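Scroll down for the structure; my scribbles are underneath it.
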Amino acid sequence: MELNEIYQGDTLELINQLDSNSVDLIVCDGPYGVTTNHWDKVTDIQTYNLNLIKIFSRVLKPGGALYLFGKDNCIDFIDYRPYLTLNRKIIWYQPSRLAQGRLNYTNNYDLIAYFTKGKAKTYNLDDIRVAQLVELEHRLRCEKVPSVTNGQYGKTKFNDDGKNPGDVWGDIKQLTYKSKELISRELLNTIQKPEKLIERIVKASSNEGDVVFDPFSGVGTTFAVCKKLKRNFIGFELNPDYIAITKERVHQIELEKEYSLFK
Ligand SMILES: C[S@@+](CC[C@H](N)C(=O)[O-])C[C@H]1O[C@@H](n2cnc3c(N)ncnc32)[C@H](O)[C@@H]1O
């Protein structure tokens, strides 16, 4: 398959055309099994996801990463261990989500399950550090007090470039009607993801020139981010209208790049 292309069709069929061990990173924002979209009507999302994990493990390079998006229970009670290693369950916390539950605590996060094929080959922490929100006084106190890591006494060290973003991502907001990057209102919530969210993943788990695969590419947020960050991209998408939107989106980024070269 060609790099920097989006193929129209069903991922479960197209995937057979993708070479084994050919992809560095998979950003998988597919069915959640909760909306009324026809493609989201999956009866058993866990079994569906287990199949994805299995077929994606073939195309990932050793050490490559898969980020699988879903609801809080999207990988419950399935055994993914023969295929991939689960490194972390990342919580994308959305405090602004309407909390109308009356019988139970309202769910206000998406789960992003971060897998790798064996040990991760890429984790660019320095590219994804976030501000360390610690008062100077507290920081100085911490740096004086010895902390114990692996049985060794050492000084707590703060990195001036910021800290690891951790596994609860509350700093990246969902898109709203007012977001500049929102392409159209119908895409809000169930389709278009914020570029910042995808950017963190692409920066952390790939390098320039790497191949990033998005099996449910929607309106092309991953493709747009890859263009900006100089990664190669392969995408699959059922909806031809979304593919047309993606191509226009990527074209605009190319034009902006050319324009900035001439400035
Ligand atoms: C949640 S959206 C992805 C949105 C994307 N992350 C973005 O920011 O634009 C899921 C997409 O997967 C597509 N899709 C669902 N099932 C599919 C399948 N079996 N094969 C290919 N595409 C599929 C849908 O048409 C939809 O655009």
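Quick note, the sequence shown lines up with residues 528 to 790 if you use our numbering.
Glycine included, each C-beta is placed from N, C-alpha and C at the ideal position.
Note that the structure is a prediction, hence the values are computed from the model and not measured.
Limits of the unbroken beta strand (DSSP E) element including residue i
{"i": "V554", "result": "V550 to C555"}
{"i": "D768", "result": "From DSSP, D768 is part of no beta strand (DSSP E) but of the alpha helix (DSSP H) over P767 to F789."}
{"i": "Y641", "result": "Y636 to T643"}
{"i": "L613", "result": "T612 to Y620"}
{"i": "V752", "result": "Counting along the chain, V752 falls outside any beta strand (DSSP E), though it belongs to the alpha helix (DSSP H) covering T748 to L756."}
{"i": "E764", "result": "N759 to E764"}
{"i": "F740", "result": "V738 to D741"}
Cβ neighbours of residue i in the same chain (closer than 8 Å, five flanking residues each side left out)
{"i": "D603", "result": "Q573"}
{"i": "I699", "result": "W619, P721, K723, L724 and R727"}
{"i": "I710", "result": "Q719, V746, I772 and R776"}
{"i": "L715", "result": "L702, T703, Y704 and L709"}
Alpha-carbon spacing of residue i relative to residue j, whole angstroms
{"i": "S795", "j": "R585", "result": "Only positions 528 to 790 of the chain appear in this structure, which leaves residue 795 out of reach."}
{"i": "K755", "j": "D737", "result": "13 Å"}
{"i": "Y636", "j": "Q621", "result": "5 Å"}
{"i": "T703", "j": "V672", "result": "44 Å"}
{"i": "R608", "j": "E540", "result": "24 Å"}
{"i": "K730", "j": "L652", "result": "9 Å"}
{"i": "N614", "j": "K774", "result": "33 Å"}
{"i": "Q535", "j": "F743", "result": "10 Å"}
{"i": "Y610", "j": "K705", "result": "41 Å"}
{"i": "N686", "j": "E662", "result": "14 Å"}
{"i": "V752", "j": "Y641", "result": "19 Å"}
{"i": "T643", "j": "K790", "result": "41 Å"}
{"i": "K646", "j": "A592", "result": "9 Å"}
{"i": "K707", "j": "E783", "result": "16 Å"}
{"i": "C500", "j": "Q544", "result": "With the chain covering only 528 through 790, there is no way to say anything about residue 500."}
{"i": "I533", "j": "I761", "result": "6 Å"}
{"i": "H778", "j": "N564", "result": "28 Å"}
{"i": "I605", "j": "I542", "result": "22 Å"}
{"i": "T562", "j": "I780", "result": "31 Å"}
{"i": "G590", "j": "D571", "result": "29 Å"}
{"i": "T633", "j": "K581", "result": "31 Å"}
{"i": "A626", "j": "E735", "result": "40 Å"}
Cβ distance (whole Å) where residue i is taken to contact residue j below 8 Å
{"i": "G638", "j": "I618", "result": "Checking the sequence shown, residue 638 turns out to be Leu, not Gly. That belief holds up - the Cβ atoms of L638 and I618 are roughly 7 Å apart, short of 8 Å."}
{"i": "T717", "j": "V554", "result": "Rounded, the Cβ-Cβ distance is 17 Å, inconsistent with contact."}
{"i": "N548", "j": "K588", "result": "5 Å"}
For residue i, the first and last residue of its enclosing alpha helix (DSSP H)
{"i": "A731", "result": "E722 to S732"}
{"i": "Q573", "result": "I572 to V586"}
{"i": "E540", "result": "T538 to L541"}
{"i": "E532", "result": "Unbroken run through E532 is the beta strand (DSSP E), E532 to Q535; no alpha helix (DSSP H)."}
{"i": "C669", "result": "L663 to K671"}
Outcome for residue i when other beta-carbon atoms lying within 10 angstroms are tallied against a minimum of 16
{"i": "W696", "result": "buried"}
{"i": "A771", "result": "exposed"}
{"i": "N759", "result": "buried"}
{"i": "L660", "result": "exposed"}
{"i": "E529", "result": "exposed"}
{"i": "P558", "result": "buried"}
{"i": "L595", "result": "buried"}
{"i": "N576", "result": "buried"}
{"i": "D556", "result": "buried"}
{"i": "G769", "result": "The residue asked about is misnamed: residue 769 is Tyr in this sequence, not Gly. Buried, by the Cβ-count rule."}
{"i": "L667", "result": "exposed"}
{"i": "L579", "result": "buried"}
Ligand 3 heavy atom lying under 8 Å from the CB of residue i
{"i": "D741", "result": "In terms of ligand content, the structure shown lacks ligand 3 and carries ligand 1 instead."}
Same chain only: Cβ atoms within 7 Å of residue i, ignoring 5 sequence neighbours per side
{"i": "S733", "result": "D551, L552, T649, V739 and R758"}
{"i": "R624", "result": "N635"}
{"i": "T538", "result": "P742, F743 and F763"}
{"i": "V657", "result": "G689, K690, P692 and D698"}
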